[in-house]
Amino acid sequence: MPEKSVYSANAHLSPIVVTSNVRVEEAAPLVRLSLRGGEAAASHAGASIGAPLPLEPLTSTMADKAAAFWLGPDEWQIAIQEGDATAVFERVETAMADTPHSLVDVSERNRALIISGPKAAWLLNSQIFLDFDEAVFPVGMVTRTLFGKADIMLWRQSEDIFVLEAWRSFMPYVIELLQEASRELEAA
Amino acid sequence: MTQDFRTSAGGRIDRSSPVDFTFDGKAYRGFAGDTLASALLANGIHLVGRSYKYHRPRGIITAGSEEPNALVGIAREKGQNTPNLRAPQVEIYQGLNAESQNRYPSLSFDVGAVNDLLSPLFVAGFYYKTFMWPRSFWQKVYEPFIRSAAGLGKAPTDPDKDRYANHYAHCDVLVIGSGPAGLAAATAAAQSGARVILCDEQSELGGSLLHDRTSAVDGKPAVDWAADAIRALSENDKVTLLPRTTGFGYYAQNFVALAERVTDHLANPDPRLPRERLWQVRAKEVVIATGAIERPLVFPENDRPGVMMAEAGRIYLNRYGAMAGKRVVIATACDTAYRTAVDLKAAGVDVAVIADLRPDPAGVHVDAARSAGIRIEGACVVTGTKGRLRVKSARLGRIRPDGSVTAMGEEACDSLLMSGGWTPNVSLYSQSRGKVAWDEDAGAYLPGASVQHERSAGSCHGVFGLQAVLEDGYAAGENAARAVTSAAKRPKVPAVTGGEEGAGGTLGALPHDRDPARVRAFIDFQNDVTAKDVKLAVREGFHSIEHIKRYTTTGMATDQGRLSNMNALSVASKTLEKPIPQVGLTTFRQPYTPVTFGTFATTARGEAFDPVRRTPMHDWAVEKGAEFEDVSLWKRAWYFPKPGESMHDAVARECATVRESVGIFDATTLGKIEVVGPDAAEFLNRVYTNPFLKLGVGRLRYGIMLNEAGFIMDDGVVGRIAEERFHVTTTTGGAPRVLAHLEDYLQTEWPDLNVWLTSTTEQWAVIAVQGPKARDVIAPLVEGIDLSTESMPHMSVREGKICGVPTRLFRMSFTGEAGYEINVPASRGREVWDAVWNNVEAVGGAPYGTETMHVLRAEKGYIIVGQETDGTVVPDDVGMDWAVGKKKADFIGMRSLARPDIVVAGRKQLVGVLTNDPKVILEEGAQVTAEASPALKTPALGYVTSSYYSSALGRSMALAMIADGRGRMGDTLYVSTAEGAVAVEIVSPVFYDAEGGKQVA
Amino acid sequence: MSRFNFWELAKNALSAHENWGRQWRAPEPKAEYDVVIIGAGGHGLATAYYLAKEHGVTNVAVLEKGWLGGGNTGRNTTIVRSNYLWEESEGLYDHAMDLWQDLSQELNYNIMYSARGVMMLAHTIHDIQVFKRHVYANRLAGVQNEWLTAEEAKEYCPPLNISKNMRYPVLGAALQRKAGVARHDAVAWGYARGADKYGVDIIQNCAVTGIRRGADGAVEGVETSRGLIRAKRVGVVAAGHTTTVMDMAGVRMPLESYPLQALVSEPVKPCFPCVVMSNTIHAYMSQSDKGELVIGAGTDQYISYSQTGGLQIPAHTIEAICELFPMFRRMRMLRNWGGTVDVTPDRSPIIGKTPVPGLFVNCGWGTGGFKATPGSGHVFAHTLARGEPHPINAPFTLDRFRTGRLIDEAAAAAVAH
Amino acid sequence: MLLITCPYCGVERPEIEFRYAGEAHIARPAEPSKLTDEEWAEYLYMRTNPKGLLAERWRHAHGCGRFFNAIRDTVSDRFVTIYKMGEAKPDLERLVVEAAQ
């Protein structure tokens, strides 16, 4: 498990699911930037946030208070633990110079959940059709996929910790279904 | 009632745990571990149901999911009935209430049995030949009669209170069936380190090993070996064991669906548990180990209660300690029934005779029976049974060398156990799209080549005898593991004693000495299809097995022909004088056995049926008493009634407030796409009808998007934020479709363009402020933007701050009034809304909903895509030729606009409509005609697309699409209403501020 | 051939039904016919029947590569209705509706037409606008269709959930009372028996392998697995396989073939009185005379001739059924199957001439062809007999895709706002 | 439910992550206005719809968002090959021969 993660539980909110073997919490706000463009753009952006952007499909890179996620062959999501989205945006945008690219502030578009515990993968498999065997979905892997009928981004932070992002209006749906699936974990 | 037919000891039931239950209201007692069928048998009950067509009394015939007769309804509470449950699959629990089905008033006296007397008329397909006169009688008399006689159990009547779960799983090897072959396969695969899922439809894993008292494996009784194997698997954390779980659907690319029954067997299930769970499994390799199904014998009156499959008799005896009868006749064409005879005899049951079709039965099984002192008759056939609600005796006949039969007299019995041999269960293989092949030696269809990563093991592909089945299972498991992992190990196959293969079997109707016109030998028990029905179908020209099935309904009952198919096929084959493979085989389909709808629907119910999307300001609207409407997945505030206000009142007030003062509106749901890159303008120029190359930074433009067929697919406002950055809006419902459409062209047709699209719909909360006081309301909150018209005219965009929050401020109008759309980061939406609302409220403004928005835009003649347009409308039809860039060489849909029937005269065009009576509000969708009462089938000129009361006009108004509409200004036409046609005048579609001065002020 | 009626049935009962004759012959193909029809589904057989009966063209063969009625005729959910929007569609489907009413008597075969009403649910304001447009348009055309409130809809179909708390509440419904269901196999068998009676040869297990054209380009016959069969007029009524057959004549078609799935529950006593359809949440259901709930699912997204599809398709439909009828969550699916449907760009059929003289086509019925069977056969028989379309099928040309005069029912109903 | 390999992500994913996008290699004409109505209708509507190998487009709509091409047998639904947008269309006749071997 990485020592630090750009994601941390939002201390102002109570956990969404707590059982003996799984926990679901909402993550604290983050600055999120969507970067589109070629490898040159990625290289500039990586330099500006202090973490090289991943070029391997479905991988992520970490830095102090920042992370970058491969989402497509010309698409990354950059997450930064910092307050002022506009300032971060300007800093990265400036670093791009004349490289063709698209940088869009999507900080507010997504909310994130942290799902942790020995039953985290089991819980996710109630709605996600992915194989969470570590040989198939190793720590550090990130992907967009479907959670039931909602589009999500899913990142494996460690063996038992996943981060799930969804567009904000879809998050109540995701939460309801996670709560629903977790009910039987408390049953005898 | 006492358990008169319970053995004194043995079986897997827990005799120390009695379980009380009722059947048809009568109390019975069984033991923990009993199924409903075994408990009823132990209580001496065979009669459990009535057949589908003739309402004949029927008994338990099998011990498995293939049961066609013993179907019951079970309800834990009123209205929650589950019909058609198979008694051999129902585990009893304390307080279980089961009801028999398809009988009135009772199981032993059913008035529907009158159908049986009419059976000479009610042959296959009789209903196609009659019930046609008089015409009206079909629906009024005949059909209701047929419908009430047909059907089996009663549907539940109240909403299901149970919950259903879903689970996606992946594994290396999925093994379906946990009998000897499946257990061996799972063991071998697990020993190789593979991830294994082993499922079985029964409550306990082990299959036939659970009732095998004669075989030993590695020196242990078979059942103990099974227990050890299961324990070893359960201790392996890469193995998932799923009892009560039916592998019901084999789909493409080794996707297999399983249905797990989680709580139905529990007396008091924990409400946190789901009732059932759908497992959607992607397996690298699948081992099908679903066994074989014993075939009934087709002899006259073979459907009498008390007649049962021989292996079922053995299962009930050995596994449940329940005796099928106290004096039993065994009719067989196959060795395996001898095992039943031996076990019954050992348990103290009087085995009257084994009537074997074969002239000289021989072999180890026969020898065992003979040495147990059981009478064996070769060349002997059952030719009928007697008894009303339970068999009392069996008629026996001797088969002579010429095939004729002579009577041998009757043998008294209270149960008749039969075996026609075994049919390999190829359903799942067939579902996997494999082609079964007829094997003449086996007398059965067997799996052919594998089409998917699948292999069958054990008797489901014709391997019989315990030693051979185990070897086959181990090999299947090992080979499956080998296909996915290099670490596969060769397992050690245990040695078996006993459990030898039993030979023999027969297909089709048996010979008899009875009057063929008077007796019936059933092939499909539940649907009452006899051998004669199959012959009749052939006689009438139904020669394909699919035709025979459909005409006679054989194989269409809830067992899907599992017991009947091969016998029907054989009768058809003999009648047609064609070998079986030429007659064909009907298709096996999903599901293997019936699966609860709730298990398919899983968690989709209520708000989880589809995501409910709400804006950051939703709760505010709820507090203000808004009514909502569904627009795609979004809930949008429709209108804001004050106490006592009707919708009409509320909308009229909201409209007037916007026109006279100011209104605030939640526009968050509009789709938003950030289009960024050096070629952004070029791209937009290609995808909109409008020109975009010269749009200045800070300016907005309304754009229309066509599909390639030239029809309007979406519209919206596009803002140029920077030279290479555009903020595009779409309709609420169109957002995903538009983004996919744009990505399609960008990636497929124009990959050379340097431009990228990012959805920002949910990045922004959007607050529309519209009305003459709009600027005054927001001005105090805005920093860094000069709001004066000179500096920020209509259709412009500025970046700055509002309430200290960064904003993209659009000056635009969809109402005809001056107005703004304030884009702020979503999480700040509510606080900015509250601040703006304070100012709006202070000047007497109001919130408004989508209905008012619709009225206001209609007064201006603005279209709504999907309301004025319907996927068949081009820009000129709605008077928007002005938005089509005439100088452009190309844009999506442009070429289609030149097609002959697009440029033809007489197309429907957008117009305004005013009723002669200003109080009449037309219905949207009403048709427009030239005459008040046109002759029938006169095509309409068009239809009303939008219709409202306009508070600005003080009267009703409407928009319509009318043929040649722009050439009909001032004409009087007619519009249909529920009460008849009303006269209307055709006018311009712009009703309000035609000069457009207000919105630019 | 004996007539079918109760007395004949009773008489035959006395002879243990040993004396019933064949409902249709199994003839060897002749060398030449006046008309060859490719495809012995309901539409093809109906075409042959009306050719013989109404146009006196009896030297007709219907070629079927499998067993008659074995394609979509025997795989659909048997819904019959005619409350379509556009005048062209209204004309076509209502013509069929008229023929359905007396079809049992016409064919002397009980096809069990049951006018139990088809109700289409509105869940959004947009749905209401669209359905009312249908109701008013249908009224002008003399096509039965009426608007019901949600409460009236529940009265008509008591199991219906009209709670305001549903994800997509029922806001009302359009009801066509004389619409309903029929017994699909009986339609094929009745037309087959009727056509056979007039001398039409129905040749099963006869696959078409080529279409022979003369020097002038006109059709001369078809090559089959049972030899060359000459005919100057050939009608292709091959549903999902139309593209393949038309390829043999070198004609490109605006068609794509998709798997369409359907399913039935186990049979239960009568619990569902009518047909209910919901386009918005993708469900349609009725209860058969056998007692099964008959449910239509959607098409898979990809072109396929496999006659099977993915689990997610029926699951999606069952979700919607359980939302509309929450008591049926405890019912169980008995059987799920698939067919192959041919879909045109505007979701309306193509019935008429092709660029090849003598070659005619009747295809593109998509997911809704069963309801049109009698009407389709009737107007296509006219087209084949006269060489020109009947006024009812005149708009349904192949050429409309060139001119842009589409008949787009789906667009009129499906565009969200 | 099909299992589809996204050539951009390099992994197999269930069909529900993908959107079908119809027949592949139907290039939009460079200058539509120069086409006759027949030619334009051919581009818009006429499709091969083969019983056998079909070159078709899919989009990894709920994954990386990329469109790509695939060759699939429409009778067995089996994918023969999957390739990125812009790569040449394989020779279908050769694939048929190879599949038969």
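Protein chains in written order, with UniProt numbering: chain A, 1 to 188; chain B, 1 to 1001; chain C, 1 to 417; chain D, 1 to 101. Where is the CB? At the ideal position from N, CA and C, for every residue including glycine. Quick caveat: nothing in here was measured; it's all calculated off a predicted structure.
By DSSP, does residue i sit in helix, in strand, or in coil?
{"i": "ALA47/A", "result": "helix"}
{"i": "SER136/B", "result": "coil"}
{"i": "ILE580/B", "result": "helix"}
{"i": "TRP620/B", "result": "helix"}
{"i": "LEU171/C", "result": "coil"}
{"i": "PRO105/B", "result": "strand"}
{"i": "GLN287/C", "result": "strand"}
{"i": "VAL349/B", "result": "coil"}
{"i": "CYS9/D", "result": "coil"}
{"i": "CYS655/B", "result": "helix"}
{"i": "HIS741/B", "result": "helix"}
{"i": "GLN105/C", "result": "helix"}
{"i": "TYR84/C", "result": "coil"}
{"i": "MET62/A", "result": "strand"}
{"i": "THR354/C", "result": "coil"}
{"i": "GLU674/B", "result": "strand"}
Please say whether residue j and residue i have beta carbons closer to each other than 7 Å?
{"i": "ALA259/B", "j": "GLN280/B", "result": "no"}
{"i": "GLU454/B", "j": "VAL342/B", "result": "no"}
{"i": "LEU563/B", "j": "ILE580/B", "result": "no"}
{"i": "GLY387/B", "j": "ARG304/B", "result": "yes"}
{"i": "ALA249/C", "j": "LEU359/C", "result": "yes"}
{"i": "ALA289/B", "j": "ALA457/B", "result": "yes"}
{"i": "ARG103/B", "j": "ARG50/B", "result": "yes"}
Between which two residues does the beta strand (DSSP E) containing residue i stretch?
{"i": "VAL755/B", "result": "Looking at the DSSP string, VAL755/B is not in any beta strand (DSSP E), and its letter there is neither H nor E."}
{"i": "TYR258/C", "result": "256-265"}
{"i": "PRO806/B", "result": "805-811"}
{"i": "GLU985/B", "result": "980-987"}
Say the cut is 6 Å; is the CB of residue i nearer than that to a heavy atom of the ligand FMN?
{"i": "ALA333/B", "result": "With respect to small molecules bound, the structure shown includes none, and the ligand FMN cannot be examined in it."}
Over the uninterrupted alpha helix (DSSP H) stretch that includes residue i, give me the two end residues.
{"i": "MET853/B", "result": "850-859"}
{"i": "GLN129/C", "result": "125-141"}
Report yes or no: is there a C-beta of chain G within less than 7 Å of the C-beta of residue i?
{"i": "LYS119/A", "result": "Although the question refers to chain G, the structure presented lacks it and instead comprises the protein chains A, B, C and D."}
**Item:** Within the UniProt domain "SoxA A3" (520-602) of chain B, ranges of the alpha helix (DSSP H) (whole runs, at least 4 residues)
**Value:** 531-539, 545-552, 565-576, 580-583, 597-601
**Stretch pair the stretch 504-518 of chain B + the stretch 283-302 of chain B: three plus CB contacts closer than 8 Å** = yes
**Three CB pairs or more closer than 8 Å across the stretch 42-53 of chain D and the stretch 246-260 of chain C** = yes
**Item:** Every unbroken alpha helix (DSSP H) inside the stretch 198-246 of chain B [4 residues or more]
**Value:** 222-234
**Asked** At a cut of 8 Å, does the stretch 135-149 of chain B reach the stretch 430-438 of chain B through at least three beta carbon pairs?
**Response** no
**Contact the stretch 194-201 of chain C vs the stretch 166-179 of chain C: 3+ CB pairs below 8 Å** = no
**Prompt:** Which parts of the stretch 81-127 of chain A are runs of the beta strand (DSSP E), unbroken and 3 residues or longer, counting only runs that do not cross its ends?
**Reply:** 101-105, 110-116
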